[in-house]
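Numbering-wise, the sequence shown is residues 40 to 178 according to the working numbering. Presented below is the structure to which this report refers.
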Amino acid sequence: MSWTLSAELEAKGKFADCLFVRECQLEAVQQTHGREHIDVAKSLNNIGLVYFNLGKNKEALEKYEESVRIKVKNLGHDHMDVAASLRNLAVLAWGQQDWERCAELFEKEHRIKSKCLGAEHARAVEAKQWLDTVRAKLQ
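Pasting the structure below:
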């Protein structure tokens, strides 16, 4: 199954069909590379996004957390792919108004992006803006 097909289904809002395709992709990647491969983490993250779009936050959380675990194992704590998955977790926490968790995740994302790209890079600045917004909610 192609990544293009799942992206097209997602873009059209056909999330149930997209979920089916992405789960098939995950199974294929796991069979080819094993359960701890970085491509498994990417597939899990993509499935988490579909669950998020379906409003299934518990399932999204499980997929995002597993994705982060595998990414950290393979890439280390300070990798941009880890930052991307932390942002997804932060957005999920935002939707649940879990401001402390949200701030913790945005802070980690900001630290990684600042380290990898420099504090003045647009992505690091954006992460800092999100972090500042969440911190304001905590006051």
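By construction, the Cβ of each residue, glycine as well, lies at the ideal position given by its N, Cα and C atoms.
Relative to the C-alpha of residue i, which residue among the options is closest?
i: N127; options: K51, A50 and E143; result: E143
i: A122; options: L65, K102, R162 and V173; result: R162
i: R150; options: C141, A46 and K167; result: K167
i: G94; options: T172, E66 and V130; result: V130
i: R174; options: K152, S153 and R140; result: R140
i: R61; options: D120, S106 and V89; result: V89
i: G52; options: G87, N92 and K102; result: N92
i: V79; options: S124, L170 and L65; result: L65
i: E75; options: K110, S124 and A55; result: K110
i: A46; options: C63, G73, H72 and N85; result: N85
i: I77; options: E101, S124, A55 and E49; result: S124
Between which two residues does the alpha helix (DSSP H) harbouring residue i extend?
i: G87; result: I77 to N92
i: E165; result: A161 to L177
i: A55; result: F54 to H72
- Query: What residue ranges within the region 95–139 form continuous alpha helix (DSSP H) runs of no fewer than 4 residues, ordered along the chain?
  - Reply: 96–114 and 119–134
- Message: Would the region 129–146 count as touching the region 108–120 if we require 3 or more Cβ pairs under 8 Å?
- Response: Cβ pair count under 8 Å is below three, so no.
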